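In our numbering, the protein residues as written are 1260 to 1341.
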């Protein structure tokens, strides 16, 4: 997963956190993005935020990804080591 596509200036902050039992990707779209939607289709995370759409592939072996958006923050939780 690349975080570069999410850091278009100072408004968006993207971070990846690694843990023993998995990893977490967090992207702050800001408070104006509270109506954004997220879905996972065939190993691709798709985020639709107004007229903008973002897509990125999950790493190989990431069969179980949990995604959600709260208060403009996208969270992708991946189980296992990616």
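Cβ atoms here follow ideal geometry from the backbone N, Cα and C, with glycine treated the same way. Remember, it's a predicted structure, so these values are computed and weren't measured experimentally.
Burial state of residue 1291 (16 or more Cβ within 10 Å): exposed
Enclosing beta strand (DSSP E) for residue 1281 [first to last residue]: 1281-1287
Residues of its chain near residue 1281, where Cβ-Cβ distance is below 7 Å and the 5 sequence neighbours each way are ignored: 1336, 1337, 1338, 1339
Counterpart residues of residue 1295 in DSSP-defined beta bridges: The partner list for residue 1295 (beta bridge, DSSP) is empty, contrary to what the question assumes.
Range covered by the beta strand (DSSP E) that runs through residue 1273: 1272-1278
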